[in-house]
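Undergrad: I'd like to ask some things about the structure below.
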Amino acid sequence: MATDGDSSMDGVTVIDPRTDAEEAAACAGLSYVCDDEPGIRRRRAGKGFSYRWPDGTRVTEEDTLERIRKLAIPPAYRGVWICPDPDGHLQATGRDTRGRKQYRYHPRWTEMREGTKFGRMLDFCRALPAIRRQVDGDLARRGLPREKVLAAVVRLLETTLIRVGNESYARENSSYGLTTLRDDHADIEGTEIRFTFKGKSGKEWNVALKDRRLARVVRACRDVPGDELFQYVDRDGQRHAVSSGDVNEYLRAATGQDFTAKDFRTWAGTVLAAMALREFESFDSAAKAKRNVTHAIEQVAARLGNTASVCRKSYVHPEILDAYLEGNLLDSLTREVETELREELPELEAEEAAVLAFLRGRLERERRSRASESRRRRVA
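Note that the numbering used here has the sequence shown beginning at 25, numbered continuously upward.
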């Protein structure tokens, strides 16, 4: 179980930048900085910009100007702050045209953060059996209590891969996710449920599944007065809509760890990509291997309702793709299906257990390599 801000499992430890930011920066060979410290300021100069050091002198050093150019800070940003230190974990901040604060991070910090995001995937997979047991138990409850409705949403998260939803998106953009669906977004015929709605970025969803128990729960939810689909009735007979925060709280209670609804999509994207790549014939050239990866990502993106670029960056563990391009993925997955891990976690599907075992081995080798690189940086 993850504690004190790190994610650890069977000897694999990943420092979490969210809770151990200074230590994470140091491990990446960076300095932890804040934008309330003195920084380089941007000023309009003709059709472009000039830059000033904290002491007011003009930035003329070509290496610093080149670093600023690579940050690609949009001209429309206001209140731009740029880190004077090329090794600061935070390289720049500014406000966009809507007043939202935007950040530019050092590439090594981004790499560390992405590694943590995918590293927690191992813990999430290990927790899946506990989540599934909790969901099964809560779906068997009588009536329509909070736990039963949340269990239905969590099961639908896993089976449909629909986003959890956010009320602000529903209100401002008329785009929906599971917790913000309205009654008219669900059609139920016997044991079949069909969800039809506009999701994030205008993506049209039309998803059907057959599940007798879920159909009963969704039908009961739809019968509760009010526009929101997923509502529960408390002991006083009052109805309440569930939110994404309720779902995340449910997952934390079921696992004792800080998982969120998005973890279902990240894990599913990785497993789906691995299985898609396993279906391709062995490749005889790097070009064919890259084409296969592109096709696999497109398949997963269609399933998740993302663009291929977002899917590759945020929902598929990079080790799966790297291993395939190296020619090591197919044999490894086939071998891992039969490992003792399958006996250790019998409640996982065979492909889930295989991907978990594969990633665990790859992550441990990567951890050792990063630790060695960090020691070299400190010595240097």
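All residues carry an ideal CB built from backbone N, CA and C; glycine is no exception.
Give me the Cβ distance between Ala116 and Arg128, rounded to the nearest whole Å; I'm assuming they're in contact under 8 Å.
TA: In the sequence shown, the residue the question calls residue 116 occupies position 92. In the sequence shown, the residue the question calls residue 128 occupies position 104. Confirmed, about 4 Å.
Undergrad: Which residues does DSSP pair with Lys71 in a beta bridge?
TA: Looking up residue 71 in the sequence shown gives position 47. DSSP, once it has assigned bridges, lists no residue as partnering Lys71.
Undergrad: Helix, strand or coil for Ile64 per DSSP?
TA: Here residue 64 refers to the residue found at position 40 of the sequence shown. Three-state DSSP puts Ile64 in a strand.
Undergrad: In whole angstroms, what separates the C-alpha of Val231 from that of Lys337?
TA: To locate residue 231, count along the sequence shown from 1; it is residue 207. To locate residue 337, count along the sequence shown from 1; it is residue 313. Roughly 24 Å separates the two Cα atoms.
Undergrad: Shortest alpha-carbon distance to Lys172 belongs to which of Thr184, Val159 and Arg187?
TA: Along the sequence shown, one-based indexing puts residue 172 at 148. When only C-alpha atoms are compared, the closest one is Val159.
Undergrad: In whole angstroms, what is the alpha-carbon distance linking Lys267 and Arg67?
TA: In the sequence shown, the residue the question calls residue 267 occupies position 243. In the sequence shown, the residue the question calls residue 67 occupies position 43. Note that residue 267 corresponds to Ser in the displayed sequence, not to Lys. Whole-angstrom Cα-Cα distance: 43 Å.
Undergrad: Alpha carbon to alpha carbon, how far is Met145 from Phe221?
TA: Walking along the sequence shown from the start, residue 145 turns up at place 121. Walking along the sequence shown from the start, residue 221 turns up at place 197. Each residue's Cα considered, the two are about 29 Å apart.
Undergrad: Where does Gln262 land, buried or exposed, given buried means 16+ other C-beta within 10 angstroms?
TA: Taking the first residue of the sequence shown as position 1, residue 262 is located at position 238. Per the 10 Å Cβ criterion, exposed.
Undergrad: So, under 8 Å CB-CB, Asp136 and Ala52 are touching, yes? Tell me the CB distance rounded to an integer number of Å.
TA: Within the sequence shown, the letter at position 112 stands for residue 136. Within the sequence shown, the letter at position 28 stands for residue 52. The question names Asp, but residue 136 is Met in the sequence shown. Yes, Met136 and Ala52 are in contact; Cβ-Cβ is about 5 Å, under 8 Å.
Undergrad: Could you tell me the alpha carbon to alpha carbon distance between Glu303 and Glu343, rounded to whole angstroms?
TA: Position 279 of the sequence shown, counted from the start, is the residue given in the question as residue 303. Position 319 of the sequence shown, counted from the start, is the residue given in the question as residue 343. Spanning the two alpha carbons is a distance of roughly 18 Å.
Undergrad: Quick one: residues in its chain with C-beta nearer than 8 Å to the C-beta of Ala310, no 5 flanking neighbours on either side, listed in chain order?
TA: Here residue 310 corresponds to residue number 286 of the sequence shown, with the count starting at 1. Leu349, listed in sequence order.
Undergrad: Just to confirm before moving on: does the CB-CB distance between Gly293 and Ile186 stay below 9 Å?
TA: One-based indexing of the sequence shown puts residue 293 at position 269. One-based indexing of the sequence shown puts residue 186 at position 162. Against a cut-off of 9 Å, the Cβ pair of Ile186 and Gly293 comes out as no contact.
Undergrad: Report the residue from Leu353, Asp258, Gly167 and Glu375 whose alpha carbon sits nearest the alpha carbon of Ser306.
TA: Here residue 306 refers to the residue found at position 282 of the sequence shown. When each option's Cα is compared against that of Ser306, the closest is Leu353.
Undergrad: Using the C-alpha atoms, what's the distance from Arg195 back to Glu252?
TA: In the sequence shown, the residue the question calls residue 252 occupies position 228. In the sequence shown, the residue the question calls residue 195 occupies position 171. One C-alpha to the other measures close to 12 Å.
Undergrad: From what residue to what residue does the alpha helix (DSSP H) around Asn272 run?
TA: Position 248 of the sequence shown, counted from the first residue, corresponds to residue 272. It spans Ser268 to Thr279 - the alpha helix (DSSP H) in which Asn272 sits, taken as one unbroken run.
Undergrad: What's the gap between the Cα of Arg384 and the Cα of Asp60?
TA: Here the question's residue 384 lines up with position 360 in the sequence shown. Here the question's residue 60 lines up with position 36 in the sequence shown. For Arg384 and Asp60, the distance between alpha carbons rounds to 39 Å.
Undergrad: Quick one: using the 10 Å Cβ neighbour count with 16 as the cut-off for buried, is Cys58 buried or exposed?
TA: The count along the sequence shown starts at 1 and reaches residue 58 at position 34. Label assigned to Cys58: exposed.
Undergrad: Report buried or exposed for Arg150, applying the criterion of at least 16 other Cβ atoms within 10 angstroms of its Cβ.
TA: Within the sequence shown, numbered from 1, the residue matching residue 150 stands at position 126. Flag for Arg150 reads buried.
Undergrad: Is Val83 closer than 9 Å to Arg76 when the C-beta atoms are compared?
TA: Here residue 76 refers to the residue found at position 52 when the sequence shown is read from its first residue. Here residue 83 refers to the residue found at position 59 when the sequence shown is read from its first residue. Against a cut-off of 9 Å, the Cβ pair of Val83 and Arg76 comes out as a contact.
Undergrad: Which two residues bound the contiguous beta strand (DSSP E) that contains Phe219?
TA: By 1-based counting over the sequence shown, the position of residue 219 is 195. Counting along the chain, the beta strand (DSSP E) containing Phe219 begins and ends at Glu216 to Lys222.
Undergrad: Using a 10 Å radius around the Cβ and a threshold of 16 neighbouring Cβ atoms, would you call Gly80 buried or exposed?
TA: In the sequence shown, counting from the first residue as 1, residue 80 sits at position 56. Exposed, because fewer than 16 other Cβ atoms sit within 10 Å of the Cβ of Gly80.
Undergrad: Among Phe73, Arg237 and Val178, which has the Cα closest to the Cα of Phe424?
TA: Residue 424 lies beyond the range of the chain shown here (25 to 404); nothing can be said about it.
Undergrad: Run through DSSP, which three-state label would Trp105 get?
TA: Mapped onto the sequence shown, residue 105 falls at position 81. Three-state result, Trp105: strand.
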